[in-house]
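One structure is given here, and the rest of the page talks about it.
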Amino acid sequence: MAYFENVSKIQYEGPTSKNALAFKFYNPEEIIGDRTMEEWLRFGVAYWHTFTYDGTDPFGHGNMIRPWNHLKGMELAKARVEAAFEFFEKLNAPFFCFHDVDIAPEGETLRETNKNLDEIVDMIEDYMKTSKTKLLWNTANMFTHPRFVHGAATSCNADVFAFSAAKVKKGLEVAKRLGAENYVFWGGREGYESLLNTDMGLEQDNLARFFQMAVDYAKEIGFSGQFLIEPKPKEPTKHQYDFDVATGIAFLKKYDLDPYFKFNIEANHATLAGHTFEHELRVARINGMLGSVDANQGDPLLGWDTDEFPTDLNATTLAMYEIIKNGGLGKGGLNFDAKVRRGSFEPEDLFRAHIAGMDSFAVGLKVAHKLIEDHVLDDFIANRYRSYNEGIGKEIIQGKADFKTLEEHVLDMKEFKNESGRVEELRALVNQYLLTAF
Ligand code: XLS
Ligand code: CA
Ligand code: CA
1 MAYFENVSKI QYEGPTSKNA LAFKFYNPEE IIGDRTMEEW LRFGVAYWHT
51 FTYDGTDPFG HGNMIRPWNH LKGMELAKAR VEAAFEFFEK LNAPFFCFHD
101 VDIAPEGETL RETNKNLDEI VDMIEDYMKT SKTKLLWNTA NMFTHPRFVH
151 GAATSCNADV FAFSAAKVKK GLEVAKRLGA ENYVFWGGRE GYESLLNTDM
201 GLEQDNLARF FQMAVDYAKE IGFSGQFLIE PKPKEPTKHQ YDFDVATGIA
251 FLKKYDLDPY FKFNIEANHA TLAGHTFEHE LRVARINGML GSVDANQGDP
301 LLGWDTDEFP TDLNATTLAM YEIIKNGGLG KGGLNFDAKV RRGSFEPEDL
351 FRAHIAGMDS FAVGLKVAHK LIEDHVLDDF IANRYRSYNE GIGKEIIQGK
401 ADFKTLEEHV LDMKEFKNES GRVEELRALV NQYLLTAF
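Position one of the sequence shown corresponds to residue 1 (this note's numbering), numbered consecutively onward.
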């Protein structure tokens, strides 16, 4: 049975196509530099937003029209798997991602939940034998159920810590079975509401203990996927421990966990932390910890995590600039952790939205590649820092300077020749590339 019968396989038709259900810029086979667009972009479909989300918001009921809406329980879970693989095929998606609770209903106990999970994972495994779509990452949802009210690995309740460990244990087994390229930890309830009732030191030590156990178990079962931490400053918790990439790095280094983790960077989480998307990518990249990306965008008028499909070409260009400079994403990819707006409730909107996101990142890739190929920013930046190539600057870099020699250098200096940073010119240059790359 077809769930999306009005949609056939999405094809690349080029920038002048008027067909809404076609790619205008994403041409998977097109070579950009040393690899194809498909290899650079490694797009992933998020199971939760695409197949599980029903449109519910804090003020309204679910309103999404979905061909599986009449089903319940395991029947619903199975229909979603069938629909998902039809969707992946029609979209030509190389990857997908899920939380444990997205794919199978929870039972009364973890034993029952795991039984449901096993049945659905069997089914997914079967589909994956003939599908090109691979698992980018899976994760455990440790935020929805009331037991996680005070956190998971940072809960004040040791039974909840144990339950969370058992859930991640199962998640790693599933990751191994399905050949996941990564495993994600997003700590939506790992944080606190008030210091009046919180032992922050113990909570952070416990979080580190938890991560260490995950590292050990992955090794024990031979799961070789990359571990990723996904930072977010707030929502649902007021203050979340994995606030941003820099905070995450400091945490990992304190507990000697940094060799085992990279970051999954979400655009909307970056902006919630008061950073740009490209800032978070840069911090991870220069520390060798850029792992994967949750490709979405927030709304500058709304102060929460709106998870919109990415259509801002300036943002996709600057993001792809970091990704290309990183040599690509390795095992990571661009997962659309994005949901259609509540008003976009038709099943076809799921395709329209993914096409919009894929085309926007394809543009970003092409423009960023051209900017790098032409050395536009590299030359400007190299010139801006040229004072470190000789004289006192070179001595600083080579570790030959100290406070005394530096004082000697400036004590009688009257003029400091600074030059314009020309940021407006550079922004206009990016615009020029954006408008002429196609
Ligand atoms: C929520 C997060 C979440 C993670 C996976 O804001 O983005 O969906 O990506 O748990
Ligand atoms: Ca995310
Ligand atoms: Ca989000």
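Backbone N, C-alpha and C fix where the C-beta goes; we use that ideal spot for every residue, glycine too.
Check	Outcome
Would Met1 be called buried (16 or more neighbouring beta carbons within 10 Å of its own) or exposed?	exposed
Which residues count as close to ligand 2 when the rule is a CB under 5 Å from any of its heavy atoms, in chain order?	Glu266, Asp294, Asp337
In its own chain, which residues sit with a C-beta less than 8 Å from the C-beta of Leu117, not counting the 5 before and 5 after it?	Asp100, Ile103, Ala104, Lys170, Val174
From what residue to what residue does the beta strand (DSSP E) around Val45 run?	43 to 46
Using 6 Å as the cut-off, classify the Cβ of Asn264 as near or not near the heavy atoms of ligand 3, replying yes or no.	no
Cβ-heavy atom distance between Asp402 and ligand 3 below 6 Å?	no
Among Met123, Ser131, Gly55, whose alpha-carbon lies nearest the alpha-carbon of Glu87?	Checking the sequence, you will find Phe at residue 87 rather than Glu. Checking every option, the nearest Cα to that of Phe87 belongs to Ser131.
Who are the near neighbours of Arg285 in its chain, counting only those whose CB is closer than 6 Å to its CB and skipping five residues on each side?	Glu322, Asn326
Give the C-beta separation of Ser164 and Ala180 to the nearest angstrom, bearing in mind that I take them to be a contact with Cβ-Cβ under 8 Å.	At roughly 19 Å, the Cβ-Cβ gap does not stay under 8 Å, so Ser164 and Ala180 are not in contact.
Less than 7 Å between the beta carbons of Gln226 and Asn182, yes or no?	yes
Which same chain residues, not among the five before or five after Thr317, have their C-beta less than 6 Å away from its C-beta?	Gly364, Val367, Ala368
Using the Cα positions of Ala315 and His354, report the straight-line distance between them to the nearest angstrom.	17 Å
Taking 6 Å as the cut-off, is the CB of Asp305 close to at least one heavy atom of ligand 3?	yes
Can you find the residues in the same chain that come closer than 8 Å, C-beta to C-beta, to Lys417, ignoring five residues on each side of it along the sequence?	none
Just the C-alpha distance for Gly274 and Thr405, rounded to the nearest angstrom, thanks.	39 Å
Under 8 Å by Cβ, that's how I've got Leu207 and Tyr241 pegged, so tell me the actual separation to the nearest angstrom.	6 Å
Taking C-beta to C-beta, are Cys97 and Trp137 nearer than 7 Å?	yes
Given a cut-off of 7 Å, decide if Ile397 and Tyr388 are closer than it, judged by their beta-carbon atoms.	yes
Thinking C-alpha only, which one of Pro231, Ser344, Arg341 is nearest Met289?	Pro231
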